[in-house]
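J.: Got a structure for you, questions after.
There are 2 protein chains.
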Amino acid sequence: MGRWEPGAGGRLREAALALFVERGFEQTMVADIAARAGVTARTFFRHYADKREVLFDGAAELQERALAALAAVPPGTGALDAVAAALDVVAELLGDDREFARRRQAVIMADTELRERELAKFAALSAALADALRQRGTDALEADIAAETGVAVHRVAYERWLAAGDGADADLRDVIHTALARLRALTAA
Amino acid sequence: MGRWEPGAGGRLREAALALFVERGFEQTMVADIAARAGVTARTFFRHYADKREVLFDGAAELQERALAALAAVPPGTGALDAVAAALDVVAELLGDDREFARRRQAVIMADTELRERELAKFAALSAALADALRQRGTDALEADIAAETGVAVHRVAYERWLAAGDGADADLRDVIHTALARLRALTAA
DNA sequence: AGTCTGATGTCACCTGATGACATCACTGGG
DNA sequence: CCCAGTGATGTCATCAGGTGACATCAGACT
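Chains A and B supply the protein sequences, listed in that same order.
Quick note: the UniProt record's numbering has the first sequence finishing at residue 189, numbered continuously throughout.
Quick note: the UniProt record's numbering has the second sequence finishing at residue 189, numbered continuously throughout.
Structural data, given as structure tokens:
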């Protein structure tokens, strides 16, 4: 199958991230990314649906793992706890390399279009979790609320984890658990 | 000030919604919208930053009113209750004309780009509410969680309200209150 | 009447994105 | 050892979204 230099997709991803960090998202043209990766712009769009997607192609695998984790939760577990278990797996993957995550986040936060795409990815994860909850028998409204609020708390915690000092809050999962506890306290008030 | 036919912004908005309903968002070109409104494409972009924004220009006012409502909440009120009060005002405006809301929602749900933009608008509302909460003394983490989960519940309820039969769940605010009660029950479990 | 102002038209141009077709390297069969 | 098939890539053409620069025209103000 391969020819020329294999691994064009990976090279494009690295080239894109590097250029986005250097000049910013808008200032980087697809032709530049492709040139740095040693391919043409047309090839870029064969690997990624659009210019933004190059920063989000890991989301599909993340979602798969989250759904697998949710499927492994024993039946009868509360909806919110089930979502929390699924997001624990996400946190494990996401929380692996804080420095990389910070660089990526800096690029995303600096551009409106990228923030929109990130929100869409989290929304897709939430919708998938809600679907899975419904399929395991959870009431539809309860499933939606558990998934949406669970993912919302996850996002808040993720941003705090990124913003925290190098020593503090080292484990993303701990930050998420703290945030979840805060939600429980809030709603109980 | 105006010359030619005044009210170009409003005409463009109506023309856009009509065309989006007829052919869909992607199939509608900015030039078509402008032509139906009796202006040129260049003028469209003077009124709306991009093609999507024509469906979301009410969001700014919505956010203002929500913040005003939040400011009117007596100090000492719990963060989640304060957010709920702000979203009640949003619901009052949003829940005015269900048929219009349904047509608009059908257009938005049919297109990925539009869904992304809608998520961004809700995220902006959430961020603004969290900011306001912090300024009235709420702890930062608590403010983020209250705003994010509050808006998340609001979104879930809004979608259910749109999907409900013509007679059922007539008042959006009731649907939201039901959903909020469900969140409290979920987190208490 | 003269001038100023603001919204619009006109023109040129860039970039993201896509379709159609050619091309090249590698694969597997003969 | 050659050859047809396959898939990723290059090349070319084209479209739509979006923006800057400049001209223009109607009404407001003096």
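Built from N, CA and C at the ideal position, the CB exists for glycine as well.
Computed from a predicted model, the values in this text were never measured in an experiment.
Under the three-state reduction of DSSP, which class applies to Val39(B): helix, strand or coil?
T.: Coil.
J.: Given this structure, state the Cα-to-Cα distance separating Val54(B) from Leu162(B), to the nearest angstrom.
T.: 21 Å
J.: Am I right that Ala101(A) and Gln63(A) are in contact with their C-beta atoms under 8 Å? What's the rounded C-beta distance?
T.: Gln63(A) and Ala101(A) do not touch by the CB rule: their CB atoms are close to 17 Å apart, not below 8 Å.
J.: Could you confirm whether any beta carbon from chain A is found closer than 8 Å to the beta carbon of Met1(B)?
T.: Model confidence at Met1(B) stands at a pLDDT of 44, short of 50, so the residue's coordinates are unreliable and nothing is read from them.
J.: Helix or strand or just coil, what does DSSP make of Val73(B)?
T.: coil
J.: Expressed to the nearest angstrom, what Euclidean distance is found between the alpha-carbon atoms of Met1(A) and Arg52(A)?
T.: Here the model assigns Met1(A) a pLDDT of 46, short of 50, so the residue's position is not dependable and the matter cannot be decided.
J.: How many Å lie between Glu116(B) and Leu93(A) at the Cα?
T.: 24 Å
J.: Counting only Cβ pairs nearer than 7 Å, list the residues of chain A close to Asp144(B).
T.: Val156
J.: Between the region 120–150 of chain B and chain A, which residues of the former have a C-beta closer than 7 Å to a C-beta of the latter?
T.: Ala120, Ala123, Leu141, Glu142, Asp144, Ile145, Ala146, Glu148, Thr149
J.: Measure the beta-carbon distance from Glu160(B) to Asp169(B) and round it to whole angstroms, keeping in mind my assumption that it falls under 8 Å.
T.: Correcting the residue identity first, residue 160(B) is Arg in this sequence and not Glu. Yes, they are in contact, since the Cβ atoms of Arg160(B) and Asp169(B) sit about 7 Å apart, within 8 Å.
J.: By DSSP, does Tyr158(B) sit in helix, in strand, or in coil?
T.: helix
J.: Just to confirm the assignment, what range does the alpha helix (DSSP H) spanning Ala170(B) have?
T.: Where Ala170(B) is concerned, there is no enclosing alpha helix (DSSP H), given that its DSSP letter is neither H nor E.
J.: Quick one: what's got a C-beta closer than 6 Å to Asp144(B)'s C-beta in the same chain, skipping five residues either side?
T.: Leaving aside the five residues that flank Asp144(B) on each side, the residues in its chain whose CB is nearer than 6 Å to its CB run, in chain order, Ala130.
J.: Count Cβ pairs between the region 144–154 of chain B and the region 81–90 of chain B that sit closer than 8 Å; are there 3 or more?
T.: yes
J.: Hey, how far is the Cα of Lys121(B) from the Cα of Met109(B)?
T.: Cα to Cα, the separation comes out at about 15 Å.
J.: How big is the Cα-Cα spacing for Val90(B) and Gly76(A)?
T.: 36 Å
J.: Which residue wins for smallest C-alpha separation from Leu172(B), given the options Arg182(B), Ala185(B), Val156(B)?
T.: For the set Arg182(B), Ala185(B), Val156(B), the Cα lying nearest the Cα of Leu172(B) is the one of Val156(B).
J.: For Arg98(A), tell me which candidate among Gln27(A), Tyr158(A), Ala181(A), Ala18(A) has the shortest Cα-Cα distance.
T.: Checked all of Gln27(A), Tyr158(A), Ala181(A), Ala18(A); the closest Cα to Arg98(A) is Tyr158(A).
J.: Figure out for me which residue from His47(B), Asp50(B), Val30(B), Tyr48(B) has the closest Cα to the Cα of Ala41(B).
T.: When each option's Cα is compared against that of Ala41(B), the closest is Val30(B).
J.: Could you tell me the alpha carbon to alpha carbon distance between Ala112(B) and Ala106(B), rounded to whole angstroms?
T.: According to the sequence displayed, residue 112(B) carries Thr and not Ala. Roughly 12 Å between the two C-alpha positions.
J.: Between residue 221(B) and the rest of its own chain, which residues show a CB-CB distance below 6 Å, the 5 nearest in sequence each way excluded?
T.: In the structure displayed, chain B extends from 1 to 189; residue 221(B) sits before or after that span and is not available.
J.: Within 10 angstroms of the Cβ of Gly10(A), are there 16 or more other Cβ atoms? Answer buried if so, exposed if not.
T.: exposed
J.: Would you list, in sequence order, the uninterrupted alpha helix (DSSP H) runs of no fewer than 4 residues that lie entirely inside the UniProt domain "HTH tetR-type" (6–66) of chain B?
T.: 8–23, 30–37, 41–47
J.: On the CB-based measure, 16 or more other CB atoms within 10 Å of its CB, does Gly38(B) come out buried or exposed?
T.: Classification of Gly38(B): exposed, given that the 10 Å Cβ count is below 16.
J.: Near Gln45(B), which residues of its chain fall below 8 Å by C-beta distance, leaving aside the five closest residues on each side in sequence?
T.: The sequence shown places Phe at residue 45(B), rather than the Gln named in the question. Cβ neighbours of Phe45(B) within its own chain (closer than 8 Å, five residues either side excluded): Val30.
J.: Let me know the secondary structure DSSP gives Gly150(B) once reduced to three states.
T.: helix
J.: For Thr138(A), tell me which candidate among Ala79(A), Leu114(A), Ala189(A), Asp88(A) has the shortest Cα-Cα distance.
T.: Ala79(A)
J.: Going straight from the alpha carbon of Ala68(A) to that of Gly58(A), what length do you get?
T.: 16 Å
J.: Reducing DSSP to helix, strand and coil, say where Ala79(B) ends up.
T.: helix
J.: If we cut at 8 Å on Cβ distances, does Leu162(B) have a partner in chain A?
T.: Leu162(B) does not count as touching chain A.
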